[in-house]
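**Q** Once you've had a glance at the structure underneath, I'll fire off some questions.
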Amino acid sequence: MAPHRYALTSAAAVRSESGGTSSSYYGAPHAFDPSFRGPVRSRSCTDVLCCLLFLFVLLSYGALGVLAWLHGDPRKVLLPTDSRGQLCGQPGTVNQDRPLLFYFNLLKCANPAVLINLQCPTTQMCVSRCPNRFVTYSEMQLQQRLGLGRGSWEEYRHFCRPGFSNYSKPVSQVLRDEDCPSMLVPSRPVFQRCLPDLSSHNGTTTVANRTQFVDALENPRSVKELHDAARGITGLLDTREMGLKVMEDYAKSWFWILMGLLLALLLSLLFILVLRFTAGLMLWLIVVSFVLLLAYGMWLCAAELSRLKDTPGSEVTISEVGFHTDLQLYLQLQQTWTILLVGVGVMEAAVLLLLVVMRRRMCVAIALLREASKAVGQITSSLFYPVVTFILLTVCISYWAITSLHLTSSGEAVYRVMSPDQSCPHANSTCTPQTFGRSVVHSAPSCAGSQCLFAFYGGETLLHKHLPRLQLFNLLVLLWLLNFSLALQRCTLAGAFSSYYWARRKPQDIPPCPLYSSFTRTLRYHTGSLAFGSLLLSVVQLLRIILEYLQAKLTGLDNPVSRFILCCLRCCFWCLDRFLRYMSNNAYIMVALYGRNFCTSAREAFFLLMRNVVRVAVVDRLTDVLLFLGKVLIAAAVGAVAFLFFTKKLPLLQEEAPQLNYVWVPLLTVALGSYLIAHGFFSVYTMCVDTLFLCFCDDLERNDGSPERPYFMSPELHRILGKPKPWH
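If you count the sequence shown from 1, you need to add 1044 to reach this note's numbering.
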């Protein structure tokens, strides 16, 4: 009887240490149940109402996609549109052979309305080619009258309104009626738009070797004005231009990017394989490697600072340089390496301090990870489940993007009054191009020079009136589906790993196909619980996105009160988001284990964690940190190899490295892809550790280590945690 009394005393001490008693504020500990053998088999459907709501939303989302597909036309977004709302280069239309967009008065594109309305306030027409010389309407008239410019009118009329043939019409009337542009400027097509063919020589911007010119009204103009006006348009197109260059870099480097990702895959699999047999050695190796890697980074930053100390121009600050896509430009600045040195040094100090404080708790985390390695080894199929999640996430994101694009491009052309005078009371009001010349708005003195131009695609139907709400619904359902897919993975893995923990004899008592059984059980009984938990998280995430949107809109406003309130709201919702993520993960474990609804499972998980709050703070979080260091180490190692390759610093592969526009494109892709690949594999480990930890806490409450109530935990885990050896 002595061992029995000792076991009971030890179990009581465990409960006292963790703060859990039968009368605890955080609920009563789980009672001993001799029939409990892991995930309960007798269960029923949970959160049925939320399941029905989820299915209804899925059907509605499918109907929204069909509606958007029927009314939308992505070509309206991808192709340029003239002032009459007609697409340029669209087959079967009058603009079939006119793929380029021409601006009548490009100088108006420097107006702030370009950024406000996303349209240049001048007449725009589809043409087959861009002008190739400087000529004003007045010069063309003079050349035609004197017979000096043979074919001048034939050249000019190509850029006039179709059907206009009276070249002798006064310039003022031509400009008033928008028959022809005031002048032609040598241009070249840029993303299907005719923009000035600017060139730079010795720091001077020129067009056709000119720096000055006169417009149709004989006003002197400079090429710099054309440059500024073109920037009003190219500012909206820079992202697209940069995107094309990025795609070009991907086309050149895709093979080597794939090799880098395969290297990350092999390193992740090798890491998991070695971790199963040498968890302690691998984790200490991760910590030491990470410390040495940070030390090497500090040495590299210090060496670069020493090299740039006497280099002319290296003392320029990053703010003075501004934004550039060339990474090499920033690497030639002392300030860049100083910031990197300080950042890496702070990280090094933080890691060393963490090791000093948590050195004794590392053994506990290693024991839990070693047990998780055994569980993953017994349920090997769990390593491939992230592929299923990746496919679900890809399908959801693709469907959202296609639906959003079709919703954006649905409707008919809408025209708005665009006036150079901001005091015009009719500015931005809807208009009709056919009758605008005879309208009151056109003849109003305060709206002189106003035009009726294409603004966007929309309409007055029910679909277009509620288009913003539909886009918001589209985003909310996307977040819901993404969170549901992740919740399905967590609950499925939790059910599989909990069946491993509660097996008395391993692997004999582990049920066959535990991952498949857990997956089917989760979908059959707990779709509503997963939908409920993911909906709560999605609503909070949507509110955070709205707050970020408001933050972007309020940028530049001198209102400290609104900025303070918005900052507080963002902080509160960020904390709420993190709390819901953590609690929902543990709630899914309890759902998989006991088969109760989401709220009950969340409450039980919270109470169980609070009754073991010391272990949660040390063991659970420390394993997350160690796995995170492993992911960072794999991503950093593969990224370092990619950096040496793409910068042609690997002697054996210098000739194989492609010539790229942006070196950072493949570097970021390889580093981020490597981290995501490692995260996909390690997420299985993270879920396994979380599941085993909750099962371990539950095991301590249900059992006391006596022959009548033996622990289910392994002898190794029990020994490292400092408890008497379990009875078997």
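Ideal Cβ placement from N, Cα and C applies to all residues, glycine included.
1) Report the option in Met1627, Gln1595, Tyr1626 whose CA atom is closest to the CA atom of Cys1612.
2) I'd like to check one pair, Ala1722 with Ala1679: are the Cβ atoms closer than 9 Å?
3) For Asn1737, which of helix, strand or coil comes out of DSSP?
4) Is Tyr1147 closer than 9 Å to Gln1168 when the C-beta atoms are compared?
5) The alpha helix (DSSP H) that contains Cys1615, what's its start and end?
6) Can you tell me the Cβ-Cβ gap for Phe1623 and Phe1576, rounded? I've got them flagged as a contact below 8 Å.
7) Which residue's Cα is closest to the Cα of Tyr1340: Ala1684, Ser1448, Asp1241, Val1290?
8) Just to confirm the assignment, what range does the alpha helix (DSSP H) spanning Tyr1545 have?
9) Where Lys1509 and Leu1451 are concerned, what is the direct C-alpha to C-alpha distance, given to the nearest angstrom?
10) Does Cys1132 come out as helix, strand or coil in the three-state DSSP assignment?
11) Below 7 Å CB to CB, which residues in the same chain sit around Phe1689 once its five sequence neighbours on both sides are set aside?
12) What does the alpha-carbon distance come out to for the pair Ser1209 and Pro1233?
13) Quick one: Cα of Phe1650 to Cα of Thr1564, how far?
14) Who are the Cβ neighbours of Gly1133 in its own chain at under 6 Å, not counting the five residues just before and after it?
15) Can you give me the C-alpha to C-alpha distance between Ala1681 and Leu1305, rounded to a whole angstrom?
16) Please say whether Gln1185 and Val1215 have beta carbons closer to each other than 9 Å?
17) Please specify which runs of the beta strand (DSSP E), each continuous and at least 3 residues long, are wholly inside the stretch 1409–1463, giving them in chain order.
18) Quick one: measure Cβ to Cβ for Tyr1443 and Gly1674, integer angstroms, because I've assumed they're closer than 8 Å.
19) Once you ignore the five residues that flank Leu1758 on each side, which residues in its own chain have a CB closer than 7 Å to its CB?
20) Can you tell me whether DSSP reads Ser1231 as helix, strand or coil?
21) Let's test the definition: count the other Cβ atoms within 10 Å of the Cβ of Ser1582 and tell me whether it reaches 16, buried, or not, exposed.
22) If you run the structure through DSSP and keep just helix, strand and coil, what is Thr1691?
23) Please state whether the Cβ-Cβ distance between Ser1578 and Phe1528 is less than 9 Å.
24) Out of curiosity, what's the CA-to-CA distance linking Leu1694 and Ala1347?
25) In terms of residue numbering, what span does the beta strand (DSSP E) encompassing Val1171 cover?
26) Hey, how far is the Cα of Gly1136 from the Cα of Glu1359?
27) Helix, strand or coil: how does DSSP classify Thr1382 here?
28) How is Cys1643 classed by DSSP in three states: helix, strand or coil?
29) Could you tell me the alpha carbon to alpha carbon distance between Thr1065 and Val1084, rounded to whole angstroms?
30) Within the same chain, show all residues whose beta-carbon is closer than 8 Å to that of Cys1491, passing over the 5 residues directly before and after it, in chain order.
31) Would you mind stating whether Tyr1429 and Thr1536 have Cβ atoms separated by less than 9 Å?
32) Name the DSSP bridge partner or partners of Thr1125?
33) Roughly how many angstroms lie between the CA atoms of Gln1217 and Pro1356, to the nearest whole one?
34) Please name the residue, chosen from Pro1604, Cys1557, Leu1516, that lies closest to Tyr1593 on a Cα-to-Cα basis.
35) Which stretch, first to last residue, makes up the beta strand (DSSP E) that contains Phe1146?
36) Over the uninterrupted alpha helix (DSSP H) stretch that includes Leu987, give me the two end residues.
**A** This is what the structure holds:
1) Along the sequence shown, one-based indexing puts residue 1612 at 568. Closest in alpha carbon position to Cys1612, among Met1627, Gln1595, Tyr1626, is Gln1595.
2) Counted from its first residue, the sequence shown places residue 1679 at position 635. Counted from its first residue, the sequence shown places residue 1722 at position 678. Yes.
3) Taking the first residue of the sequence shown as 1, we reach residue 1737 at position 693. Strictly speaking, residue 1737 in this sequence is Phe, with Asn absent from that position. Looking at Phe1737 - three-state DSSP - the assignment turns out to be helix.
4) Your numbering for residue 1168 matches position 124 in the sequence shown. Your numbering for residue 1147 matches position 103 in the sequence shown. Result yes, Cβ atoms of Gln1168 and Tyr1147 sit closer than 9 Å.
5) Looking up residue 1615 in the sequence shown gives position 571. Note, Cys1615: alpha helix (DSSP H), 1604–1638.
6) The residue you call residue 1623 lines up with position 579 of the sequence shown. The residue you call residue 1576 lines up with position 532 of the sequence shown. Going by Cβ atoms, the distance from Phe1623 to Phe1576 rounds to 16 Å, so no, they are not a contact pair.
7) Working through the sequence shown from its first residue, we reach residue 1340 at position 296. Closest by alpha carbon: Ala1684.
8) Stepping through the sequence shown from its first residue, residue 1545 is reached at position 501. Where Tyr1545 is concerned, the enclosing alpha helix (DSSP H) stretches over 1511–1545.
9) Residue mapping note: residue 1509 aligns to position 465 of the sequence shown, counting from 1. Residue mapping note: residue 1451 aligns to position 407 of the sequence shown, counting from 1. Their backbone Cα atoms lie some 12 Å apart in a straight line.
10) To locate residue 1132, count along the sequence shown from 1; it is residue 88. Here Cys1132 sits in coil by DSSP.
11) The residue you call residue 1689 lines up with position 645 of the sequence shown. Hits under 7 Å: Trp1300, Leu1697, Ala1701.
12) Residue 1209 sits at position 165 when you count from the first residue of the sequence shown. Residue 1233 sits at position 189 when you count from the first residue of the sequence shown. Roughly 26 Å separates the two Cα atoms.
13) Start at 1 with the first residue of the sequence shown, and residue 1650 comes out as number 606. Start at 1 with the first residue of the sequence shown, and residue 1564 comes out as number 520. Cα to Cα, the separation comes out at about 26 Å.
14) As a working note, residue 1133 is residue 89 in the sequence shown. Only Pro1143 meet the Cβ criterion.
15) If you number the sequence shown from 1, residue 1681 lands on position 637. If you number the sequence shown from 1, residue 1305 lands on position 261. Straight-line Cα distance between these residues: approximately 12 Å.
16) Here residue 1215 corresponds to residue number 171 of the sequence shown, with the count starting at 1. Here residue 1185 corresponds to residue number 141 of the sequence shown, with the count starting at 1. The answer is yes: Cβ separation under 9 Å.
17) 1456–1462
18) Working through the sequence shown from its first residue, we reach residue 1443 at position 399. Working through the sequence shown from its first residue, we reach residue 1674 at position 630. Tyr1443 to Gly1674, Cβ: 33 Å. No contact.
19) Here residue 1758 corresponds to residue number 714 of the sequence shown, with the count starting at 1. Checking the sequence shown, residue 1758 turns out to be Ser, not Leu. Excluding positions up to five away in sequence, the list reads Glu1415.
20) The residue labelled residue 1231 in the question sits at position 187 within the sequence shown. Looking at Ser1231 - three-state DSSP - the assignment turns out to be strand.
21) The residue labelled residue 1582 in the question sits at position 538 within the sequence shown. Flag for Ser1582 reads buried.
22) As a working mapping, residue 1691 is identified with position 647 in the sequence shown. Coil.
23) Taking the sequence shown and counting its residues from 1, one reaches residue 1578 at position 534. Taking the sequence shown and counting its residues from 1, one reaches residue 1528 at position 484. Cβ atoms of Ser1578 and Phe1528: closer than 9 Å.
24) What you label residue 1694 is simply residue 650 of the sequence shown in a count that begins at 1. What you label residue 1347 is simply residue 303 of the sequence shown in a count that begins at 1. Roughly 20 Å between the two C-alpha positions.
25) As a working note, residue 1171 is residue 127 in the sequence shown. Start and end: 1168–1171.
26) Here the question's residue 1136 lines up with position 92 in the sequence shown. Here the question's residue 1359 lines up with position 315 in the sequence shown. In this structure, the CA atom of Gly1136 is about 59 Å from the CA atom of Glu1359.
27) Residue 1382 sits at position 338 when you count from the first residue of the sequence shown. Three-state result, Thr1382: helix.
28) Locating residue 1643 in the sequence shown gives position 599, counting from the first residue. Reduced to three states, the DSSP call for Cys1643 is helix.
29) Position 21 of the sequence shown, counting from 1, holds the residue named residue 1065. Position 40 of the sequence shown, counting from 1, holds the residue named residue 1084. Low per-residue confidence applies at Thr1065: pLDDT is 40, beneath 50, and the placement is therefore not dependable, though the value from the model is reported in the following sentence. In this model, Thr1065 and Val1084 are separated by some 25 Å (Cα to Cα).
30) As a working note, residue 1491 is residue 447 in the sequence shown. So the list reads Val1461, Ser1463, Asp1465, Cys1468, Pro1469, His1470, Ala1471, Val1485, once near-sequence residues are dropped.
31) Stepping through the sequence shown from its first residue, residue 1429 is reached at position 385. Stepping through the sequence shown from its first residue, residue 1536 is reached at position 492. Taking 9 Å as the Cβ cut-off, Tyr1429 and Thr1536 qualify as a contacting pair.
32) Start at 1 with the first residue of the sequence shown, and residue 1125 comes out as number 81. Per DSSP, Leu1131.
33) The residue labelled residue 1217 in the question sits at position 173 within the sequence shown. The residue labelled residue 1356 in the question sits at position 312 within the sequence shown. Taking the straight line joining both Cα atoms gives about 58 Å.
34) To locate residue 1593, count along the sequence shown from 1; it is residue 549. Per the Cα distances, Leu1516.
35) For the purposes of this step, residue 1146 is identified with residue 102 of the sequence shown, where counting begins at 1. Phe1146 -> beta strand (DSSP E) spans 1144–1147.
36) Any answer about residue 987 is impossible in this case: the structure gives the chain only from 1045 up to 1772.
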